[in-house]
Amino acid sequence: MGARPSRKTLMLFSIGPVQEFIAQARKTRDLWFGSHLLSELGKAAAFKLSKLEAHVIFPYVENLEKLDAKEKEKINSPNRVMALVDTSEPKAVALEVKAAVIEKWMSYANGARRLLGRDINPALWKRQVKDLIEFHAVWMDCKEEAHYAEVRQKAEELLAARKTLRDFKPNQPSHMYGEVKSSLDPGRECVLEKHQYKRYAPYGIKKDESLDAISLVKRLSFHLSPNTRHFPSVCDVAFSQLRRKIEKDNLLTDLAKNYQEWVWNKYPKLKKRLFSDLFDSRLFYVTHIKEMVEGAYPNKNEQEQIIKLIAQKLESFYKETKLNSTPYYAFLVCDGDQMGKALRNLKNIEDHQAFSKKLSEFAAKARKIVTTDKRDEGELVYAGGDDVMAYLPLHRCLDVAAKLQQLFGELMNEALPKEAVRPTLSVGIVIAHMMEPMSEVRKLAMAAEKQAKRKRNELAIFFQKRSGGDRMRFSVSFDTEPTRNIKKILKFYYRNVMSVGIAHAIQSLHTEYSGLLQNQLVMSEERLEKLLEQEVSRLVWKKRSSGIDDETVKSFETCILGLMRKGKGSPLERLDRLVQQMMVAIQLEKAGDFTDATDSNSST
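For the sequence shown, full-length UniProt numbering assigns the number 1 to the initial residue and increments by one for each residue that follows.
The following block contains the structure:
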């Protein structure tokens, strides 16, 4: 038999695991590296296809040969790759791509293994590393470009069907029974040896941590790449706004430096190497001081005494400076709406690649929106395609959400023909306490994103206090400009024009009229709207704070009535939306200082 003729083949690849792999994280760096690794594996697949002279459709990786190493490093890739390949052996191509993906993964795993040396369970390590990658590939002939949309849809269906099948791998037990499970991934066993924890300490592994091979590769990622920049903790990010206030004032800077030097001189084991940074953020939170002391000083009686003395010194610092530090930060995730419908409307490869190019542009510009030239003002965990994951100081979360949504809309307008469905962006934000487990914070952020996507093009904000209590859940369409509205309300809240009492009074008004309408009160929407506005005006003047002049109260009344009239929905629905935005403003301000957010000149 002769060789099979070469033909155009549409190939679709999926690389995993995805969500559960990213979720298994205790530190921000664990979380970042999980996302980064998936991007690197997707990129390895795309680069290999490019070397095989395939036409890579998604992600956008044109002119690779002209890019230097730094430019290639900046490329982010989703875990799905699509290409048009001219080949007679698509299976051989798939195997080459798979080998490139596995080689990339093993470069990280082998690097971590070399660092740890013999101080691990080798059998468990080998099995866990070998079993990680999930690689699926499907392909279909694509003889004519006119049939591209149909072929692509069938390839998507084939991939979905393949992923419903499970690969059963033979069990390979290690040398002993009853192994301790990993604290980050209970599905895997701990590979660390109990007697070697002193050896693990330089790698940020705590004595009570039980880590599997995959979690260790994540944890050692910083040591695997010596040139990797400092990756801020959530403590650094939460502290960033207070840090800026301190560094802007010479007296505050001196007082903060004096406090920190006192701690370092008295307890040198607590001193850490700082990355071009004046202050160790952990020293400004009692909860983190406790962790630091417990890690550095083994004697429990000594621990209690040290913690007590440092806490007293910190309390004196805050009392003298009249400053407050927030333990809260914002974790943000976003995802495109109706992306599948938009893709189905792309009739040819050129349109699809142009669409991919705009998604790559979104990911690149999202990084610039999240991260600024100011230290620890925001950190991007992942940006690939229409997905973004980041954590931010509280005062920046509203602006970043609005800018991402606006950017995505602009790029989708450029990417698609006029008659096509326009994807929108839904954003989920969780206001989290720095002591909450990272896996739980991410899970809550994903729940917020899911709520935002129910009606599409929405902003959802979830917040639950560390001390317990009711969890705030808020979701509203970007069409009503929620970030701008909340910032307007915050300005009046700062000036003591709006109070918690006014917000609760308007909330009670909504509850009262909702009950009346449920009890067959007949009233036209026009009449109801006028009546509700009169009631809100009455409450604004009745609940005014002492010392606030009439002109300022009138300005607040005009603002509130304007927000009531904004957007779609019945009068009661719009009143409810106003109440929610007022409550969000109050909760956000209680969690942290939003002065910088309200002073922003942003139009968002």
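Idealized CB from N, CA, C, for every residue including glycine.
>> Taking its Cβ as the centre, do 16 or more other Cβ atoms sit within 10 Å of residue 581, making it buried, or is it exposed?
In response: buried
>> Just to confirm before moving on: does the CB-CB distance between residue 329 and residue 432 stay below 8 Å?
In response: yes
> Is residue 527 buried or exposed, if buried means 16 or more other CB atoms sit within 10 Å of its CB?
Replying inline: exposed
>> If I measure Cβ to Cβ from residue 339 and keep anything under 7 Å in the same chain, skipping five residues before and after, which residues do I get?
In response: 386 and 423
> Looking at the structure shown, is residue 155 part of a helix, part of a strand, or coil, going by DSSP?
Replying inline: helix
>> What does the alpha-carbon distance come out to for the pair residue 517 and residue 77?
In response: 52 Å
> Smallest Cα separation from residue 142: which of 473, 9, 545 and 366?
Replying inline: 9
> Got a sec, what are the start and stop residues for the alpha helix (DSSP H) residue 473 sits in?
Replying inline: Premise fails: residue 473 lies in the beta strand (DSSP E), 472-477, not in any alpha helix (DSSP H).
> With a cut-off of 8 Å, do at least 3 Cβ pairs link the segment 183-203 to the segment 235-248?
Replying inline: no
> Smallest Cα separation from residue 304: which of 314, 313 and 293?
Replying inline: 293
>> With H, G and I counted as helix, E and B as strand and the rest as coil, what does DSSP make of residue 409?
In response: helix
>> DSSP has residue 82 in a bridge; who is on the other side?
In response: 12 and 58
> In this structure, does DSSP put residue 371 in helix, strand or coil?
Replying inline: coil
>> Extract the residue ranges of the beta strand (DSSP E) inside the segment 502-584, only unbroken runs of 3 or more that lie entirely within it.
In response: none
> According to DSSP, which residues form a beta bridge with residue 440?
Replying inline: None; residue 440 has no bridge partner.
>> Looking at the ligand HEM, does it come within less than 7 Å of residue 195, judged from the CB to the closest heavy atom?
In response: No copy of the ligand HEM appears in this structure; indeed no ligand is present at all.
> Where residue 276 and residue 376 are concerned, what is the direct C-alpha to C-alpha distance, given to the nearest angstrom?
Replying inline: Model confidence at residue 276 stands at a pLDDT of 48, short of 50, so the residue's coordinates are unreliable and nothing is read from them.
>> Using C-beta distances below 6 Å, list every residue in its chain close to residue 38, excluding the 5 sequence neighbours before and after it, in chain order.
In response: 79
> Excluding sequence positions up to five away, which residues of its chain have a Cβ less than 7 Å from the Cβ of residue 458?
Replying inline: 426, 452, 475, 476, 477 and 478
> Taking buried to mean at least 16 other C-beta atoms within 10 Å of its own C-beta, is residue 546 buried or exposed?
Replying inline: exposed
> With 16 as the cutoff for other CB atoms within 10 Å, does residue 364 come out buried or exposed?
Replying inline: exposed
> Taking the continuous beta strand (DSSP E) assigned at residue 297, which residues delimit it?
Replying inline: Looking at the DSSP string, residue 297 is not in any beta strand (DSSP E), and its letter there is neither H nor E.
> Taking only beta-carbon atoms, is residue 460 less than 8 Å away from chain C?
Replying inline: Absent from the structure is chain C; it holds one protein chain and no more.
>> Do residue 326 and residue 591 count as a contact pair if the criterion is CB distance below 8 Å?
In response: yes
> In the structure shown, what three-state DSSP assignment does residue 364 receive?
Replying inline: helix
>> Here's the rule I'm using: 16 or more other beta-carbon atoms within 10 Å means buried, otherwise exposed. How should residue 168 be labelled?
In response: exposed
> Applying the criterion that 16 or more other CB atoms from any shown protein chain within 10 Å of the CB defines a buried residue, is residue 379 buried or exposed?
Replying inline: buried
> Can we say the segment 41-57 touches the segment 100-112, given the rule of at least three CB pairs closer than 8 Å?
Replying inline: yes
>> Whole angstroms are fine: how far does the CA of residue 572 sit from the CA of residue 450?
In response: 25 Å
>> Among 324, 280 and 267, whose alpha-carbon lies nearest the alpha-carbon of residue 306?
In response: 267
>> Does residue 53 come out as helix, strand or coil in the three-state DSSP assignment?
In response: coil
> residue 429 and residue 496: beta carbons closer than 8 Å?
Replying inline: no
> Roughly how many angstroms lie between the CA atoms of residue 471 and residue 587, to the nearest whole one?
Replying inline: 11 Å
> Could you give the distance in angstroms between the alpha-carbon of residue 179 and the alpha-carbon of residue 185?
Replying inline: 13 Å
> Would you call the CB atoms of residue 11 and residue 137 closer than 8 Å?
Replying inline: yes
>> Within the continuous beta strand (DSSP E) that includes residue 376, where are the two ends?
In response: From DSSP, residue 376 is part of no beta strand (DSSP E); its letter is neither H nor E.
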